[in-house]
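Participant:
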Amino acid sequence: MSQMNMIQALNSALDVMMARDPNVVLMGEDVGYFGGVFRVTDGLQRKYGEHRVLDSPISEGGIVATAIGMSLNGLRPVAEIQFADYIYPAYDQIVSELARIRYRSGGDFHAPVTIRTPCGGGIRGGQTHSQSPEAVFAHVCGIKVVMPSNPYDAKGLLISAIEDDDPVIFFEPKRLYNGPFDGDPNKPATPWSSHPKGEVPEGYYRVPISSAEIVRPGTQLTIVTYGTMVHVCTAAAQALGVDAEIIDVRTIVPLDAETICESVRKTGRCVIAHEATRFAGFGAELSATIQEECFWHLEAPILRVTGWDTPYPHAFEWEYFPGQARVAAAIKATLEAS
Amino acid sequence: MSASARSRLHVPRTPARPGEAPDFSYLTISPAGAVPRPDTNAPLNETERLASEIVRVLDENHRAVGPWDPHLDPADLQLGLRYMVLTRLYDDRMLRAQRQGRITFYMKSTGEEAVSVAQCMALRPGDMLFPSYRNQAAYIVRGCSLVDLMCQLLSNSRDMCKGRQLPVMYHSRKANLFSISGNLATQFPQAVGWAMAAAYKNEDDIAATWLGDGSTAEADFHYALLFAQVYRAPVILNVVNNQWAISTFQAFASGEVRPFAARGPGYGIPGIRVDGNDFLAVYAVTQWAAERARKGVGPTLIEHVTYRASAHSTSDDPSRYRPKDEYERWPLGDPVERLKSHLMAIGEWSEEQHARLVKECEEQVTAAWREAVQYGTLTEGPRLDPATMFEDVFKELTPNLERQRRELAEELKQK
Numbered sequence: 001m002s003q004m005n006m007i008q009a010l011n012s013a014l015d016v017m018m019a020r021d022p023n024v025v026l027m028g029e030d031v032g033y034f035g036g037v038f039r040v041t042d043g044l045q046r047k048y049g050e051h052r053v054l055d056s057p058i059s060e061g062g063i064v065a066t067a068i069g070m071s072l073n074g075l076r077p078v079a080e081i082q083f084a085d086y087i088y089p090a091y092d093q094i095v096s097e098l099a100r101i102r103y104r105s106g107g108d109f110h111a112p113v114t115i116r117t118p119c120g121g122g123i124r125g126g127q128t129h130s131q132s133p134e135a136v137f138a139h140v141c142g143i144k145v146v147m148p149s150n151p152y153d154a155k156g157l158l159i160s161a162i163e164d165d166d167p168v169i170f171f172e173p174k175r176l177y178n179g180p181f182d183g184d185p186n187k188p189a190t191p192w193s194s195h196p197k198g199e200v201p202e203g204y205y206r207v208p209i210s211s212a213e214i215v216r217p218g219t220q221l222t223i224v225t226y227g228t229m230v231h232v233c234t235a236a237a238q239a240l241g242v243d244a245e246i247i248d249v250r251t252i253v254p255l256d257a258e259t260i261c262e263s264v265r266k267t268g269r270c271v272i273a274h275e276a277t278r279f280a281g282f283g284a285e286l287s288a289t290i291q292e293e294c295f296w297h298l299e300a301p302i303l304r305v306t307g308w309d310t311p312y313p314h315a316f317e318w319e320y321f322p323g324q325a326r327v328a329a330a331i332k333a334t335l336e337a338s
Numbered sequence: 001m002s003a004s005a006r007s008r009l010h011v012p013r014t015p016a017r018p019g020e021a022p023d024f025s026y027l028t029i030s031p032a033g034a035v036p037r038p039d040t041n042a043p044l045n046e047t048e049r050l051a052s053e054i055v056r057v058l059d060e061n062h063r064a065v066g067p068w069d070p071h072l073d074p075a076d077l078q079l080g081l082r083y084m085v086l087t088r089l090y091d092d093r094m095l096r097a098q099r100q101g102r103i104t105f106y107m108k109s110t111g112e113e114a115v116s117v118a119q120c121m122a123l124r125p126g127d128m129l130f131p132s133y134r135n136q137a138a139y140i141v142r143g144c145s146l147v148d149l150m151c152q153l154l155s156n157s158r159d160m161c162k163g164r165q166l167p168v169m170y171h172s173r174k175a176n177l178f179s180i181s182g183n184l185a186t187q188f189p190q191a192v193g194w195a196m197a198a199a200y201k202n203e204d205d206i207a208a209t210w211l212g213d214g215s216t217a218e219a220d221f222h223y224a225l226l227f228a229q230v231y232r233a234p235v236i237l238n239v240v241n242n243q244w245a246i247s248t249f250q251a252f253a254s255g256e257v258r259p260f261a262a263r264g265p266g267y268g269i270p271g272i273r274v275d276g277n278d279f280l281a282v283y284a285v286t287q288w289a290a291e292r293a294r295k296g297v298g299p300t301l302i303e304h305v306t307y308r309a310s311a312h313s314t315s316d317d318p319s320r321y322r323p324k325d326e327y328e329r330w331p332l333g334d335p336v337e338r339l340k341s342h343l344m345a346i347g348e349w350s351e352e353q354h355a356r357l358v359k360e361c362e363e364q365v366t367a368a369w370r371e372a373v374q375y376g377t378l379t380e381g382p383r384l385d386p387a388t389m390f391e392d393v394f395k396e397l398t399p400n401l402e403r404q405r406r407e408l409a410e411e412l413k414q415k
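Here the protein sequences come in this chain order: D and C. All residue numbers for the first sequence refer to this note's numbering, where the first residue is 1 and numbers rise by one. All residue numbers for the second sequence refer to this note's numbering, where the first residue is 1 and numbers rise by one.
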């Protein structure tokens with residue numbers, strides 16, 4: 001075990017997989033010599049060579065398309081899209097191609113591509129460096145969608161993603177790279193070394209794709225969340241002195257509905273929280289699933305806490321971000337509903 | 001690793017990394033005045049030399065030579081110098097503001113000022129510009145006030161973007177400068193569409209657009225060339241080849257074998273490679289391209305060979321990926337110094353005049369900054385109402401957004 005922040009944990013996952021499997025190759029903008037703008041691939045080109053850690057042209061469509069082609073010829077490419085906000089030029093290759101190659105070929109071809117991309121706000125990135133587009137990809141059949149909330153899960157899930165024979169989009173909440181973030185930008189930053197999930201094994205291990213985690217058991221209500229919001233919700237519930245059961249979804253597709261619904265049947269109350277915009281966000285899918293599965297156990301309407309239905313505004317980052325106040329208001333409303 | 005040693009995959013070479021001596025041997029520089037200037041009606045095959053050599057006007061003695069000399073009035077040259085000096089000082093001051101925590105982010109254009117200044121001076125005010133994020137001088141030439149630009153950087157109560165955009169993503173409806181995206185290359189084919197509309201409406205305004213060497217890898221670049229040629233759109237397509245896309249050398253956008261200008265002839269468009277640090281040459285090729293566009297002959301692709309003297313942005317540290325002294329060895333020099341030397345060589349400028357100009361520009365920047373911060377910063381002073389963030393998603397607020405606006409007001413009241 002060693003102390004790692006999320007960047008180091010992801011770097012370690014890539015290193016472990018490159019050492020184990022010569023078919024694992026990395027590609028992306030500035031990932032090679034420079035080691036990535038967030039340093040996730042730092043040192044890997046030096047260690048594995050410039051043929052295996054490829055600096056790509058600035059061409060997200062080209063990166064994903066060639067990653068597909070490489071995977072069809074036996075490699076396991078891990079492509080980095082520098083910011084999730086830049087993924088859209090690759091959208092056709094992801095939606096019409098990557099997601100459907102297995103299906104349209106009757107299972108004769110498959111494309112084991114992993115796409116890593118930093119997402120989320122909280123770094124004053126404005127409308128082009130802050131988005132959380134997980135719902136856009138969750139709506140596409142045939143790609144797995146993952147978003148870890150801590151270094152331990154990040155490493156174990158990335159290893160699972162690379163080994164998965166299906167394509168995976170791996171969202172990395174960039175505000176969590178250096179430490180857990182509880183939604184208060186005025187507090188001094190907390191490092192991962194202060195958090196139990198900053199303890200990460202150095203070698204190979206997997207966190208299975210398709211399992212949610214109960215981060216904190218509780219009785220009064222269930223909070224279903226993922227990414228940065230896991231930490232915001234935990235802090236908000238704690239500040240209110242509420243005995244909340246907090247579930248980190250971790251894998252958006254495929255969804256571990258069982259863990260979530262079992263919890264809601266127990267507590268009878270549910271708040272869903274994500275950073276992305278509300279309308280047709282992934283919270284809507286969660287809410288519908290819970291309603292279908294747990295209706296007779298519910299004692300209050302399911303509430304959603306989200307970003308607003310606007311682009312992410314630079315000057316109003318903290319009015320946009322669903323911070324502790326917005327979470328607390330939803331928790332109170334859920335508990336007060338009779 | 002043995003696996004990589006065995007690999008036959010070609011990976012472009014980066015000429016020099018930190019700790020190595022700068023190496024510009026990949027760049028063949030044509031002598032000033034050597035490249036012929038074809039007629040603007042010339043067929044494609046008579047323009048093909050322009051795509052491989054480098055159009056240059058200023059020679060080693062700082063004299064204007066050859067067929068591309070635009071014969072500008074000294075007063076225009078002095079104005080160009082003023083714009084470039086002002087841009088450079090503005091950049092320096094705004095970098096300092098970022099380092100002091102007054103603005104969150106900044107991108108300098110140091111070393112590339114001639115591109116925006118000379119081009120905007122060669123175009124007409126009615127011509128529509130679709131800039132990238134390193135064309136700040138375009139706003140200055142087009143008469144936007146420094147205070148307005150600074151208010152955008154500060155995301156304050158007078159910000160033209162109403163606090164929604166990262167710093168440097170300016171626009172000016174009045175000055176015909178389109179909003180900067182932040183995503184790369186998207187403006188390139190949009191400029192072509194604007195130009196198609198101008199042709200459709202039989203108007204003689206043209207469009208011009210810019211992107212970097214790295215961004216030519218985006219599909220949008222290729223859409224632009226395709227549509228521009230198919231419809232002979234009156235547009236000037238500019239690739240600012242400043243050698244570096246963050247840490248990635250231009251060879252990775254495929255400038256390794258043929259220059260970016262050579263993409264043009266492949267699509268049937270004349271491509272011109274120009275010394276981007278030679279104010280006169282940039283002005284002259286822009287004039288040539290603008291005349292072609294306005295006469296209805298068609299689009300032109302211009303590659304400006306220049307060098308990004310500063311970091312990509314304030315989030316970047318170039319000493320990690322390129323030699324520290326690379327810019328000092330850059331063979332095409334500094335655009336400000338070269339125009340200044342030319343003006344002195346023709347007896348139209350002196351060190352005293354230059355010192356006075358620098359002082360005036362410094363004072364202008366300082367006064368503008370003093371005024372701009374009065375309209376607020378991200379942390380102090382007046383601020384836009386957060387409720388404004390729900391406006392302009394659509395022309396009118398949807399019921400959904402109206403409800404969310406009320407929810408936010410409630411949330412802020414309780415804080």
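No residue lacks a Cβ here, since even glycine has one placed at the ideal position from N, Cα and C. Predicted, not measured: the structure shown is a model, and the values here were computed from it.
According to the Cβ coordinates, are I63/D and G214/C closer than 8 Å?
Facilitator: To locate residue 63/D, count along the first sequence from 1; it is residue 63. To locate residue 214/C, count along the second sequence from 1; it is residue 214. Contact: no.
Participant: How far does the alpha helix (DSSP H) with G66/C in it extend, from its first residue to its last?
Facilitator: Numbered from 1 along the second sequence, position 66 holds the residue referred to as residue 66/C. Per DSSP, G66/C belongs to no alpha helix (DSSP H) and is neither H nor E.
Participant: Counting only beta-carbon atoms, is A372/C nearer than 8 Å to chain D?
Facilitator: Working through the second sequence from its first residue, we reach residue 372/C at position 372. Not an interface residue.
Participant: What's the call for H10/C, buried or exposed, on a 16-neighbour Cβ count within 10 Å?
Facilitator: For this step, residue 10/C is matched to residue 10 along the second sequence. When all chains shown are included, H10/C counts as exposed.
Participant: Using a Cβ cut-off of 9 Å, which residues of the stretch 91 to 108 of chain D contact any Cβ in chain C, in chain order?
Facilitator: So nothing in the stretch comes that close.
Participant: Check the Cβ of Y320/D against every Cβ in chain C and list those closer than 8 Å, keeping chain order.
Facilitator: Against the first sequence, residue 320/D aligns to sequence position 320. What Y320/D touches in chain C: M389.
Participant: On a Cα-Cα basis, can you pick out the residue from E218/C, R49/C, M84/C that is closest to Y88/D?
Facilitator: Translated into positions along the first sequence, residue 88/D becomes position 88. Among E218/C, R49/C, M84/C, the Cα nearest to that of Y88/D belongs to E218/C.
Participant: Go ahead and pull the three-state DSSP assignment for T308/D.
Facilitator: Within the first sequence, the letter at position 308 stands for residue 308/D. The sequence shown places Trp at residue 308/D, rather than the Thr named in the question. DSSP places W308/D in coil when its eight states are reduced to three.
Participant: Consider the Cβ of Y26/C: report whether some Cβ of chain D lies at a distance smaller than 8 Å.
Facilitator: By one-based count along the second sequence, residue 26/C stands at place 26. Cβ-Cβ to chain D under 8 Å: no for Y26/C.
Participant: Mind listing which residues of the stretch 239 to 267 of chain D have their C-beta closer than 9 Å to chain C's C-betas, in chain order?
Facilitator: The stretch 239 to 267 of chain D vs chain C, Cβ under 9 Å: nothing.
Participant: Below 8 Å between beta carbons: does that hold for P133/D and F83/D?
Facilitator: The residue you call residue 133/D lines up with position 133 of the first sequence. The residue you call residue 83/D lines up with position 83 of the first sequence. No.
Participant: Quick one: residues in its chain with C-beta nearer than 8 Å to the C-beta of G143/C, no 5 flanking neighbours on either side, listed in chain order?
Facilitator: Within the second sequence, residue 143/C is the residue found at index 143, counting from 1. For G143/C, where only same-chain residues beyond five positions count, the Cβ hits under 8 Å are A175.
Participant: With a threshold of 16 other CB atoms inside 10 Å of the CB of A290/D, please say whether the residue is buried or exposed.
Facilitator: The sequence position of residue 290/D within the first sequence is 290, counting from 1. This sequence places Ile at residue 290/D; Ala is not what is there. Flag for I290/D reads buried.
Participant: Beta carbons nearer than 8 Å to chain C: which residues of the stretch 121 to 154 of chain D have them?
Facilitator: Answer in chain order: R124, G125, G126, Q127, T128, H129.
Participant: Counting only beta-carbon atoms, is W308/D nearer than 8 Å to chain C?
Facilitator: For the purposes of this step, residue 308/D is taken as the residue at position 308 of the first sequence. Yes, because at least one Cβ of chain C sits closer than 8 Å to the Cβ of W308/D.
Participant: What distance in whole Å lies between the Cβ atoms of S287/D and T251/D, which are believed to be in contact at a cut-off of 8 Å?
Facilitator: Numbered from its first residue, the first sequence carries residue 251/D at position 251. Numbered from its first residue, the first sequence carries residue 287/D at position 287. Not really, about 18 Å apart at Cβ, beyond 8 Å.
Participant: Could you check if R326/D is buried or exposed, using at least 16 other CB atoms within 10 Å of its CB as the buried criterion?
Facilitator: As a working note, residue 326/D is residue 326 in the first sequence. Looking at its Cβ environment, which holds 16 or more other Cβ atoms inside 10 Å, R326/D is buried.
Participant: How would you label T216/C, buried or exposed, when you count the other beta carbons within 10 angstroms and need 16 or more for buried?
Facilitator: Numbered from 1 along the second sequence, position 216 holds the residue referred to as residue 216/C. Per the 10 Å Cβ criterion, buried.
Participant: By Cβ distance below 8 Å, which residues in the same chain neighbour H358/C in space, the five residues on each side in sequence not counted?
Facilitator: Taking the second sequence and counting its residues from 1, one reaches residue 358/C at position 358. For the sequence presented, residue 358/C should be read as Val rather than His. For V358/C, where only same-chain residues beyond five positions count, the Cβ hits under 8 Å are V85, L89.
Participant: Can you say whether S69/D is buried or exposed, counting buried as having 16 or more other CB atoms within 10 angstroms of its CB?
Facilitator: Mapped onto the first sequence, residue 69/D falls at position 69. Here residue 69/D is Gly; the residue named in the question, Ser, does not match the sequence. So G69/D ends up on the exposed side.
Participant: Give the residues from the stretch 35 to 47 of chain D that approach chain C closer than 9 Å (Cβ to any Cβ), ordered along the chain.
Facilitator: Listed by position, the residues of the stretch 35 to 47 of chain D near chain C (Cβ gap below 9 Å) are G35, V37, K47.
Participant: Taking 6 Å as the limit between beta carbons, can you name the residues of its chain near A387/C, skipping five residues before and five after?
Facilitator: Indexing the second sequence from 1 puts residue 387/C at position 387. Correct list, in chain order: R405.
Participant: Excluding the 5 residues preceding and the 5 following E326/C in the sequence, name in chain order all residues of the same chain whose CB lies nearer than 8 Å to its CB.
Facilitator: Locating residue 326/C in the second sequence gives position 326, where the first residue counts as 1. The answer, listed in chain order, is A16, P22, Y307.
Participant: In chain order, what residues of the same chain lie with their CB nearer than 6 Å to the CB of R20/D, ignoring the 5 residues before and after it?
Facilitator: Walking along the first sequence from the start, residue 20/D turns up at place 20. Same-chain partners within the cutoff: there are none.
Participant: Quick one: does N183/C have its CB under 8 Å from some CB of chain D?
Facilitator: What you label residue 183/C is simply residue 183 of the second sequence in a count that begins at 1. Yes, because at least one Cβ of chain D sits closer than 8 Å to the Cβ of N183/C.
Participant: By the three-class DSSP mapping on this structure, what secondary structure does I247/D have?
Facilitator: Numbered from its first residue, the first sequence carries residue 247/D at position 247. Of the three classes helix, strand and coil, the one that applies to I247/D here is strand, per DSSP.
Participant: With a CB to CB cut of under 7 Å and the five nearest residues on each side skipped, what residues in its chain are close to A309/C?
Facilitator: Indexing the second sequence from 1 puts residue 309/C at position 309. Excluding residues within five positions, the ones whose Cβ falls inside 7 Å are T110, G111, Y327.
Participant: What are the boundary residues of the alpha helix (DSSP H) that G212/C is part of?
Facilitator: Counted from its first residue, the second sequence places residue 212/C at position 212. Here G212/C belongs to no alpha helix (DSSP H); instead the beta strand (DSSP E) covers 207 to 212.
Participant: Which residues in the same chain have their Cβ closer than 7 Å to the Cβ of E97/D, if we skip the five residues on either side of it in sequence?
Facilitator: Numbered from 1 along the first sequence, position 97 holds the residue referred to as residue 97/D. These residues qualify, in order along the chain: I68.
Participant: Nearest chain D C-beta to E380/C closer than 8 Å, yes or no?
Facilitator: One-based indexing of the second sequence puts residue 380/C at position 380. So no, E380/C is outside the interface.
Participant: Could you pull the start and end residues of the beta strand (DSSP E) that T306/C belongs to?
Facilitator: Position 306 of the second sequence holds residue 306/C. Careful: T306/C lies outside any beta strand (DSSP E) and carries neither H nor E.
Participant: Let me see if you follow: with CB-CB separation under 8 Å, is F279/D close to chain C or not?
Facilitator: Taking the first residue of the first sequence as position 1, residue 279/D is located at position 279. It does: the Cβ of F279/D has a partner Cβ on chain C nearer than 8 Å.
Participant: Assuming F260/C and A114/C are in contact, meaning their beta carbons sit under 8 Å apart, how far apart are those beta carbons, in whole angstroms?
Facilitator: Taking the second sequence and counting its residues from 1, one reaches residue 260/C at position 260. Taking the second sequence and counting its residues from 1, one reaches residue 114/C at position 114. The pair is not a contact, with the Cβ atoms about 18 Å apart (cut-off 8 Å).
Participant: Which of helix, strand or coil does DSSP assign to F279/C?
Facilitator: Your numbering for residue 279/C matches position 279 in the second sequence. Looking at F279/C - three-state DSSP - the assignment turns out to be helix.
Participant: So for D55/D, helix, strand or coil by DSSP?
Facilitator: Position 55 of the first sequence, counted from the start, is the residue given in the question as residue 55/D. Strand at D55/D.
Participant: Can you name the start and end residues of the alpha helix (DSSP H) that R116/D belongs to?
Facilitator: Sequence index remark: in the first sequence, residue 116/D carries index 116 (1-based). From DSSP, R116/D is part of no alpha helix (DSSP H) but of the beta strand (DSSP E) over 114 to 119.
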